[in-house]
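Sequence lines, in order, name chains Z and W. Position in the first sequence counted from 1, then plus 2, gives you our numbering. Position in the second sequence counted from 1, then plus 1059, gives you our numbering. Heads up, the beta-carbon is just placed ideally off N, CA and C, and yes, glycines get one too. Quick caveat: nothing in here was measured; it's all calculated off a predicted structure. Data block below; observations after.
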Amino acid sequence: MTINKRWLRLVALLGALALVAAACGGDDSGEATTTTADPGGGATTTTVAATTTTVEPMTGGEISFYISEPPFIDPSLVQDNQGFEVVRLLFDGLTLYSPEGGAVVPGVAESWEANDDLTVWTFNLRDSQWPDGSPVTAQDFIYGWGRAADPDSASRVAYHGSIAGIVGWDEVNGGDADGTVGNVEIPGLRAVDDSTLEITLNQTNSLLPKILAHPVFSPAQQSVVEADPEAFAEMPVGNGPYKMSEPWQHDVAINVERSDTYYGTPGLPDSIEFRVYSTQDAAWLDFQAGNVDVVRGVPDEALEQARVDLGDRLIEQPTGSFTYLGLPWSFEPFQNADLRRALLMAIDTEAINERIFIGRDTPRGFVPGVANGAIEDGCPWCRFDPTEAKALYDSVGGVPNDELNIVFNSGAGHEQWVEAVANDWGTNLGITANFQGFEWAAYLDYLFGETPNTDPFRLGWGWDYPSGYNFLAPLYGCESADNLTGFCSPELDVELNKVITSLKEEDGIPALQEAQRIVGDLIPVIPITYGRSAVAYSEDLSNVRYTDFGFFIFEDVVVDRG
Amino acid sequence: MFRYTVRRTLLMIPTFIGASAIIFFAGFALPGDPVSAFGGERALSEATRQVLEERYRLDQPLINQYLGYMSDVVLHQDLGESVLRRRSVNDIFWDAFPNTFRLAMLAAAIEIVIGLAAGVLAALRKGKFIDQLVLISTTLVVSIPVFVLAFASQIYFGVELGIFPIAGLNEGLKSYLLPAFVLAALSLAYVARLTRTSLVETMRSDYIRTAQAKGLRPSRVIGRHGLRNALIPVVTYIGIDIAVLMGGAIVTETVFNIPGAGFALVRAIGTRDNAIVVGFTLAAVIIFLLVSLLIDLLYAVLDPRIRYE
């Protein structure tokens, strides 16, 4: 019996193919088990990878938390709330967002004081340490902030220094790049001594402590960063309650563990796995199978069922963000306030929020309720009144040909409500409203490109720091770079200026409320919906809190896998 | 054979250049640019925009950008850097590709083993029950869209039964099984159909009748004379399929949360992260060229009539 050699070779090749696949898979499992979270708590606990961690009822344990892959976790670059969630644990700034309400609490700064016109601030630092034992100094803050301001880092969040109004920040940020990150001098920052940081501002700013709670104002250890800048981007070394236990596994996980050099109250969980999912749906399904502890961002279509199934384990909370329809002044009819009012009143926003956004809050003004100083009754036009809308629309002569074209970015869940708006305008005002979706990058090009956009456009806004001021000044201030409609009201600018120059935040509240009444009357944009977080967590967790600022409080969570 | 191999390898160079140019220029022809996409809803300051445009050569004429990019690729094997993530595309690729590779290999193994077996069985029992069964089941599989199959198997085997992980690669080989089956399902059906048709056809040919007349054992007639010739179209199909799978399975990778090349590519296209798009596609082109070379060489092994001299 002869066996043909060539035929044998083919069989061997196929076999090898299967083996390669198997071997590669096998390799991986060895690595992976070390980072596997205990999926316990699911309905089916069949063959769970042996977890050697014994779990204390009160402290300890690991939390797995769903995130999507953030672009950066370096504090000078971190730009999305996925990354914030991680960086918040790795770094502590001078001030920190309070777990309750939209206030800030002392962080590394024990106390602070300002001169009479609030242009020179002095922050007194407490004794605290980096993981290597060296003290966190004022110089570390100057270096960390310099990294953000340096044009070489081309940071998208560098504008926070401009919001704060730190002297020289804009000049440094707008300067020439030299190829090295962190070698800049910001004139407005001075280390009086190791534990005293002096900040000089261009103008009075009573909101500075709030603005400084943003992660971009984290300190950084110059010696550590400069020893290996690339390693720092993959595994930032910080002064926060947790530290990274291994470099970032891109598109897989970011693992952190409790830091033993933290100055504050240590967090209860031993470690947190920020597990990266490519889609909300994948994360949600894995949550239902009991494989991930926390999902922030329950898909809208699953929300009603989740309310029934999870009860208290579903936290629904408004976030400091809203979605609006901008009416650009480059289209002349939009400069008429009555037309803008008519367009607003013709939309049944309540129905949109109830049905399309599954019970979100309907905006009754221009500042979400979670912000300090928000008022509910500042917008007489924020209601659905088709009859009055039509009368108003006719009285100003409408828009040419009764035609409008709404533009938005497609694939981000905006299709339905945009269509509803178009329908409402059609039914109630007799407008032929088309809507046109663009892919994100193309959409930005359409909005910000050479030819000014003249169509009603969808955008959103999230606050940079917890204050109602941040919802008004950037979007509607005459000179603001983020004012994309071209709306301008001198009397609004007067009120906004009163807010920022008031010597105490509370003193600015009346002006802030007056400003809300002005925008509530003039309707610079059409607010559609307030953002909401829907956070689901597993039965194994208790004492779970979610802040008004949109952060999960990991530090207090009790993990009990029993 | 050697000369043929050399010639084929040399032919890959113009293909590579052509493909890279098309991908590169097509990427830039789309509206929107990576720097704006990086800035997002808040427009970037002019200074920051300038820094980024300079760093990524976006301020230069397109042809210079292409030449600069290609010289980096050829001279330094450097696929560039992602504008939005500031990571080397080489690193991103080597993070993602091994996952895609394992998935593709496993899927290929599944489709070869099951697909071939089903095809051969159906052909040998032509018109019988097993043939009908293969026909019906393959029709069924082909008519279900991949994402339906993916979600359904995820919910049934992952959530309901809990025997397979749903997402990610934490459990080694086990994590790959479900997505590999989903990925293999469609091709498996084609392989079975193709094998069946091809084998039925071959079994009718003269030399098979001769072999049978000579009194060879049926296993030898089918194995040595029938299957070997019948496999040529199947090998072509499988080869191309493997090459395609290597480029990343977009739907399957996304649904099962596998950080592979397909998912990275889709994300990059949406954000105009052209370095990733071009880099990954170039890598896919190289893989495709290599696999098709391998397939052509395999023909000679299978069919003695094919000689490339």
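May I ask you to list the residues that DSSP assigns as paired with Z/W123?
Z/A116, Z/I201
Z/T321 in three-state terms, based on DSSP
Z/T321: strand per DSSP, three-state reduction.
Tell whether a beta-carbon distance below 8 Å holds between Z/S225 and Z/S155.
no
Touching by the beta-carbon criterion (3+ pairs, under 8 Å), the region 216-231 of chain Z and the region 193-200 of chain Z
Because the criterion of three Cβ pairs below 8 Å is not met, the region 216-231 of chain Z and the region 193-200 of chain Z do not touch.
Beta-carbon separation of Z/W114 and Z/W123 under 8 Å?
yes
Quick one: does W/I1299 have its CB under 8 Å from some CB of chain Z?
no
Same chain, Cβ closer than 8 Å to Z/D129, neighbours up to 5 away in sequence not counted
P137, S197, Y265
I want to see whether chain C comes within less than 8 Å of W/A1302, judged by CB atoms only; does it?
Reference to chain C is not applicable here, since the protein chains of this structure are Z and W.
Spell out the partners DSSP gives W/T1140 in its beta bridges.
The question names Thr, but residue 1140 of chain W in the sequence shown is Glu. Answer by DSSP bridge pairing, in chain order: W/S1147.
Out of Z/A376, Z/G400, Z/G451, which one is the CA nearest neighbour of Z/R343?
If we check each option's Cα against that of Z/R343, Z/G400 comes out closest.
DSSP on W/K1273, reduced to helix/strand/coil?
coil
Beta bridge counterpart(s) of Z/L316 as assigned by DSSP
Z/A538
Spell out whether any CB of chain W is found under 8 Å from the CB atom of Z/T456.
no
Quick check on the DSSP output: the alpha helix (DSSP H) that includes Z/A391 runs from which residue to which?
388-397
List, in chain order, every chain Z residue whose beta-carbon is nearer than 8 Å to that of W/I1107.
Note that residue 1107 of chain W is Thr in the sequence shown, not Ile. By Cβ distance, chain Z contributes P153, A156, S157, R158, A160, N175.
With 8 Å set as the bound, which would you pick, yes or no: does the beta-carbon of Z/N293 sit closer than that to a beta-carbon of chain W?
Judged by the 8 Å Cβ criterion, Z/N293 is in contact with chain W.
Could you tell me which chain Z residues have their CB closer than 8 Å to the CB of W/N1288, listed as they occur along the chain?
The contacting residues do not exist; W/N1288 stays about 12 Å from chain Z at best.
How would you write the range of the alpha helix (DSSP H) that Z/K500 sits in, first residue to last?
492-503
What's the gap between the Cα of W/N1374 and the Cα of Z/Y68?
Residue 1374 of chain W is absent from the structure shown; chain W starts at 1060 and stops at 1368.
Measure the alpha-carbon distance for W/L1352 versus W/I1072 and round it to whole angstroms.
13 Å
Could you compute how far the alpha carbon of Z/G176 sits from the alpha carbon of Z/G85?
25 Å
Who are Z/E275's beta bridge partners in DSSP?
Z/S66, Z/N257
Applying the 10 Å Cβ sphere with the 16-neighbour rule, what's the burial state of Z/T38?
Summary for Z/T38: the model assigns pLDDT 31, below 50, so the residue's position carries little reliability; its value from the coordinates is reported in the next sentence. Classification of Z/T38: buried, given that the 10 Å Cβ count is 16 or more.
Name the residues in the region 300-327 of chain Z whose C-beta lies less than 7 Å from a C-beta of chain W; which are they?
Per Cβ criterion, the list is empty.
Kindly indicate which three-state DSSP category Z/L341 falls into: helix, strand or coil?
helix
Contacts around W/I1345, its chain only, beta-carbon distance under 6 Å, and the 5 residues preceding and following it disregarded
none
Own chain, CB closer than 6 Å to Z/F410, minus 5 neighbours either side, in chain order:
H416, V420, G439, R460
Strictly by DSSP, which residues pair up with Z/G464?
Z/S323
Rounded to the nearest angstrom, what separates W/T1330 and Z/D447 at their Cα positions?
12 Å
Between the beta-carbon of Z/L92 and the beta-carbon of Z/Y244, is there less than 8 Å?
For the pair Z/L92 and Z/Y244, the CB atoms are nearer than the 8 Å cut-off.
Determine the DSSP secondary structure at Z/E405, reduced to helix, strand or coil.
strand
Shorter than 8 Å from the beta carbon of W/A1000 to some beta carbon of chain Z?
Since the first residue shown for chain W is 1060 and the last is 1368, residue 1000 of chain W is missing from the structure and cannot be characterised.
From the beta carbon of W/P1318, is the nearest beta carbon of chain Z less than 8 Å away?
So yes, W/P1318 belongs to the interface.
Sub-8 Å separation of Z/V297 and Z/D550 beta-carbons:
no
Using a beta-carbon distance below 8 Å, is W/F1322 in contact with chain Z?
yes
Within a Cβ cutoff of 7 Å, which residues of the same chain sit near Z/A111, ignoring the five residues on either side of it in sequence?
L96, T97, F125, N126, L127
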